[in-house]
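Inspection log for the structure reproduced underneath, given as structure tokens.
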Amino acid sequence: MIRLLKTLLYGLLLVSPSADVLARLNDRKSANEASLYSDTDNVIMLDNESLRPALNLKSSKLVQFLNSFCGDCHRFAPIFKTLSRDLYKWRRVLRIYAVDCAQERNAQLCREFNIRQTPSLRFFGPDMRRNDDVLGAVIPGQDPKLIRSTLAELVSQNDYGPDQPNFRPLKPNGMGIFLDPQDDESPVQFLALVLQPTNSKIGRDTLLELLPFRVLSVRIIENSQIFTDFGLSPSDHKLAIIDENGTAQYLAPSSDSSEAYASAVGDFLRNRNFQPDPPLPIAAAANFTEFLDHQHQAILAKVLAPPLKVYRADLEQAIDKLLHIELRKWILLEGNSLNALKNIIKIFRYHNPLNKDGKLLLTDLDNSLSTKQSIKGADFGDLVDSLEKGRRVFKARRYIGCIGSRPLLRSFTCSMWTLFHHLTVEAAKPPNYFQVGSILKTFHGFAKYFFGCTDCSEHFQQMAIRRNLTAVKSHDEEILWLWAAHNEVNQRIAGDSTEDPKFPKIQFPSPQNCPTCRSNDSEWRTDEVLKYLKQLYDIKNVSFYGLPTPQGYD
200 MIRLLKTLLY GLLLVSPSAD VLARLNDRKS ANEASLYSDT DNVIMLDNES LRPALNLKSS
260 KLVQFLNSFC GDCHRFAPIF KTLSRDLYKW RRVLRIYAVD CAQERNAQLC REFNIRQTPS
320 LRFFGPDMRR NDDVLGAVIP GQDPKLIRST LAELVSQNDY GPDQPNFRPL KPNGMGIFLD
380 PQDDESPVQF LALVLQPTNS KIGRDTLLEL LPFRVLSVRI IENSQIFTDF GLSPSDHKLA
440 IIDENGTAQY LAPSSDSSEA YASAVGDFLR NRNFQPDPPL PIAAAANFTE FLDHQHQAIL
500 AKVLAPPLKV YRADLEQAID KLLHIELRKW ILLEGNSLNA LKNIIKIFRY HNPLNKDGKL
560 LLTDLDNSLS TKQSIKGADF GDLVDSLEKG RRVFKARRYI GCIGSRPLLR SFTCSMWTLF
620 HHLTVEAAKP PNYFQVGSIL KTFHGFAKYF FGCTDCSEHF QQMAIRRNLT AVKSHDEEIL
680 WLWAAHNEVN QRIAGDSTED PKFPKIQFPS PQNCPTCRSN DSEWRTDEVL KYLKQLYDIK
740 NVSFYGLPTP QGYD
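Letter by letter, the sequence shown follows residues 200 to 753 of the working numbering.
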């Protein structure tokens, strides 16, 4: 499958989406779309239209595939920003990009690159014609030192063309590479030679450190005899520099390390008034004024005012994002993953807050999937798009109760929790379409197979085992199981970088929202909690705020 995927990927994005799909994507793309990174971090955000041209550039590329709703992606962001800013000095050979797989327009892209876990780092060499580079080399983990060392090795394995950094060892009698009369326009005025012993990377790392000096070419040598080719006497020195007139001299670094070698060469050049490229400017502090437009501020004020409510717009957004992004990311759905998909659609068919067109869409989708033994993620996406054509299903254009006071907070994860709390309450009402535990089983299937946040998915699966998810014996127990699980998650991530300061992670419900839910000694009264949850998440009490009026909704 991977071999086939690599072959097909060459034609990625050559087939244009239909007019209906393009119109939908354009309608949803925001001019001021928030992202985890910016060019001030030395990270360029790309999408389905811009990634392919960027990958064809004659430099190496590091691409982080992320989900902007993913807590682990948020926690990794400061680490990645620091690393990326430090690697700005490598920009002659390495460009750093990021793609947000949570954006609908990037769903196909992330599927084609087989992005199942985020954050995911992929390295691409300068020659995309090499088949091994089509999907990119996976760089594991989040340790910046390991990422940096892995990148150094990968970057150094590639050629970057004339007048560009050259990691190949210089051979004897190679001084012609420096004194070539055809290179009149080359900025290079100095050549540094670094003796690199077997199994050492000191030459490679010195070259990378000195990339900001464009007047300098650093070449690795493996034989000290090459020093004599440039007129130097035999010695124990390991570092030499030659000017454009062929005048050579040894340099004496303070220690036998790439940092010391780079410092010695840098001091030599600065003493002759040759300066490196300036570092990346310090980024200005984040300003959320633009993010908090008048409409956003009005929604925040509405949502923060008591009493607490559940909003249809959030339930709709959750289903919308699932159908158009998350459920499409698999290359092939079969076996357990297909069953998880079928369970999700089946639950949605019988319990959803959508209008008439939405209910028809989910019914048709459920019927279409019922006989399938497997389905490609791309074909599932096409099926949804074809069944949705001519129907105006999703009218919500922003989160309401799941709105964030800062960019990229709450949103999709909040809406998914809200949706499944709502589903446990609706499934408890007669007629009971589903067996006890079906909603939790479906939520578990979503978390295991489709949730784009790897860390969140793993935590939920572990919690499901520890809390014995399959042991619930009634619909009421099902409602309370999800409530207790959600509170455990809140307790784990309270104070985390993903926490919205306007919506702190509390043990829910608060005493203000449900005064009777705790006893005098602050113990939960689960009978009162159950009553409160059934009232809060009941479809009859869900607010239309942010959507057309109930009379005009269908």
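Beta carbons are placed, not taken as given, at the ideal position from N, Cα and C, and that holds for glycine.
Keep in mind it's a predicted model, so treat the numbers as computed, not measured.
The beta strand (DSSP E) that contains residue i, what's its start and end?
i: D299; result: L293 to D299
i: I524; result: Note, I524: premise wrong, no beta strand (DSSP E); not H, not E.
i: A336; result: A336 to I338
i: S569; result: From DSSP, S569 is part of no beta strand (DSSP E); its letter is neither H nor E.
Is it buried or exposed, residue i, if we count other Cβ atoms within 10 angstroms and call 16 or more buried?
i: V337; result: exposed
i: Q516; result: buried
i: L735; result: buried
i: R591; result: exposed
i: D481; result: It should be noted that the sequence gives Ile, not Asp, for residue 481. With fewer than 16 other Cβ atoms within 10 Å, it is exposed.
i: S229; result: Note that S229 scores a pLDDT of 47, beneath 50, so its modelled location is shaky; the value from the coordinates is reported in the next line. Exposed: under 16 other Cβ atoms inside 10 Å.
i: I518; result: buried
i: N566; result: exposed
i: H620; result: buried
i: D238; result: exposed
i: P318; result: buried
i: G340; result: exposed
i: D362; result: exposed
i: H493; result: exposed
i: K288; result: buried
i: T446; result: exposed
i: E408; result: buried
i: V344; result: Looking at the sequence provided, one finds Lys at residue 344 rather than Val. K344 is exposed by the Cβ-count criterion.
i: T715; result: exposed
i: D240; result: buried
So the alpha helix (DSSP H) residue i belongs to, where does it begin and stop?
i: F323; result: Run containing F323: none in the alpha helix (DSSP H); it sits in the beta strand (DSSP E), S319 to F323.
i: V262; result: Where V262 is concerned, there is no enclosing alpha helix (DSSP H), although the beta strand (DSSP E) it sits in stretches over S259 to L265.
i: S614; result: S610 to A626
i: K730; result: T725 to Y736
i: I599; result: Looking at the DSSP string, I599 is not in any alpha helix (DSSP H), and its letter there is neither H nor E.
i: K344; result: P343 to V354
i: A577; result: G576 to E587
Using 8 Å for Cβ pairs, my map puts residue i next to residue j. What's the rounded Cβ distance?
i: A391; j: I425; result: Not confirmed; about 13 Å, so no contact.
i: R413; j: L369; result: Contact doesn't hold; Cβ gap of about 19 Å is too wide.
i: L607; j: S267; result: 5 Å
i: Y744; j: Y510; result: 6 Å
i: G270; j: D654; result: 6 Å
i: L618; j: L514; result: 5 Å
i: T641; j: E677; result: Contact doesn't hold; Cβ gap of about 11 Å is too wide.
i: D246; j: N313; result: Contact doesn't hold; Cβ gap of about 18 Å is too wide.
i: A663; j: H643; result: 5 Å
i: V292; j: V262; result: So it is not a contact: roughly 15 Å between Cβ atoms.
i: L431; j: Y449; result: 7 Å
i: R756; j: L479; result: In the structure displayed, the chain extends from 200 to 753; residue 756 sits before or after that span and is not available.
Just verifying my parser: in three-state terms, what is the DSSP assignment at residue i?
i: R310; result: helix
i: F702; result: strand
i: A670; result: helix
i: L438; result: strand
i: I243; result: strand
i: E248; result: coil
i: R763; result: The structure shown has nothing for residue 763, since the chain only spans 200 to 753.
i: E533; result: strand
i: S604; result: coil
i: A276; result: helix
i: A233; result: coil
i: R548; result: helix
i: A539; result: helix
i: A253; result: helix
i: R304; result: helix
i: I201; result: Because the pLDDT of I201 is 42, which lies under 50, any placement of that residue in the model is unreliable, and the number read from its coordinates should be weighed accordingly. Correct three-state label for I201: helix.
Q.
List, from N- to C-terminal side, the alpha helix (DSSP H) runs of 4 residues or more that fit wholly inside the stretch 449 to 517.
A. 457 to 469 and 493 to 503
Q) What are the complete alpha helix (DSSP H) segments, minimum 4 residues, inside the stretch 361 to 428? A) Within the stretch 361 to 428, the complete alpha helix (DSSP H) runs of at least 4 residues are 401 to 408 and 424 to 428.
Q: Only counting runs of 4 or more residues, tell me where the alpha helix (DSSP H) segments fall wholly within the stretch 630 to 700, in order along the chain.
A: 637 to 648, 653 to 665 and 674 to 692
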